[in-house]
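K.L.:
Attaching a single structure in structure tokens format; questions to follow.
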Amino acid sequence: MNQTIKGENCGYCEGGELLASYGIKICDLDVSQLILFKEQSHRGRCIVAYQDHVSEIVDISDEDRSRFFADVNRAAKAIHKVFNPDKVNYGAYGDTGCHLHMHLVPKYKDGFEWGGVFEMNPGKVFLSEEEYEEMIRAIREAL
Numbered sequence: 002m003n004q005t006i007k008g009e010n011c012g013y014c015e016g017g018e019l020l021a022s023y024g025i026k027i028c029d030l031d032v033s034q035l036i037l038f039k040e041q042s043h044r045g046r047c048i049v050a051y052q053d054h055v056s057e058i059v060d061i062s063d064e065d066r067s068r069f070f071a072d073v074n075r076a077a078k079a080i081h082k083v084f085n086p087d088k089v090n091y092g093a094y095g096d097t098g099c100h101l102h103m104h105l106v107p108k109y110k111d112g113f114e115w116g117g118v119f120e121m122n123p124g125k126v127f128l129s130e131e132e133y134e135e136m137i138r139a140i141r142e143a144l
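Sequential numbering from 2 applies to the sequence shown in this note's numbering.
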């Protein structure tokens, strides 16, 4: 992926410790990167972050917007295949980190918050490095 526009102090742009504070990069997609969100109260939660440091969906071309949503779709299919959720919720935030990205949040009928809007980090569920690695391996294989 060629990042032509980078933001300072942006984990999606710089990676490293900034990204590691909340996520683990799984792979590059067509115009974005797929990241496993470390807080896993919603098992399989990922982020699709656009390749350039832009704030809004209106800041990219129609073609790149279609490609970005194709990346979101590809990631969602992998999440469905690996984790078999009853629903995936899609959230686009960025009040403080102004980099276009989308949270993919698997929801399960027998899990908490079914039928309601998810909280950003409700249960603070963090996994072992081995558990993260296994999830990443499974998602990569499903892509």
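Ideal Cβ placement from N, Cα and C applies to all residues, glycine included.
Under 6 Å Cβ to Cβ from G92, same chain only, skipping five residues before and after it: list those, please.
P.N.:
H104.
K.L.:
Note down, one range per segment and in chain order, each beta strand (DSSP E) of at least 3 residues found wholly within the segment 34-99.
P.N.:
Taking only runs of at least 3 residues, the beta strand (DSSP E) segments lying wholly in the segment 34-99 are 47-51, 88-92.
K.L.:
Let me check understanding here. Comparing Cα to Cα, which of P86, H102, K82, V59 lies closest to D72?
P.N.:
When each option's Cα is compared against that of D72, the closest is H102.
K.L.:
Indicate whether the contact test is met: 3 or more Cβ pairs, each with one atom in the segment 25-35 and one in the segment 49-56, closer than 8 Å.
P.N.:
Yes: at least three Cβ pairs fall under 8 Å.
K.L.:
In three-state terms, what does DSSP make of C14?
P.N.:
Correct three-state label for C14: helix.
K.L.:
Could you check the C-alpha separation between L37 and I140 for me, to the nearest Å?
P.N.:
Roughly 9 Å between the two C-alpha positions.
K.L.:
Kindly list the residues whose CB is nearer than 7 Å to the CB of G98, restricted to its own chain and excluding five residues on each side of it in sequence; keep chain order.
P.N.:
Here the set comprises C11.
K.L.:
Residues in the same chain with beta-carbon distance under 8 Å from V89, minus the five sequence neighbours each way, listed in chain order, please.
P.N.:
Here the set comprises A77, I80, H81, L105, V106, P107, K108.
K.L.:
Out of G95, C47, G112, P86, state which residue places its alpha-carbon closest to the alpha-carbon of C28.
P.N.:
Closest by alpha carbon: C47.
K.L.:
Within a Cβ cutoff of 6 Å, which residues of the same chain sit near D65, ignoring the five residues on either side of it in sequence?
P.N.:
Only V32 meet the Cβ criterion.
K.L.:
How many Å lie between S42 and E131 at the Cα?
P.N.:
Distance between the alpha carbons of S42 and E131 is about 17 Å.
K.L.:
Between F127 and S67, what straight-line distance do the alpha-carbon atoms span, to the nearest angstrom?
P.N.:
The straight-line gap from Cα to Cα measures roughly 33 Å.
K.L.:
Which first and last residues belong to the alpha helix (DSSP H) in which I140 is found?
P.N.:
That run of the alpha helix (DSSP H) goes 130-143.
K.L.:
Compute the distance between the beta-carbons of V83 and A143, then report whether it is under 8 Å.
P.N.:
Yes; because the gap between Cβ atoms is below 8 Å, this pair is in contact.
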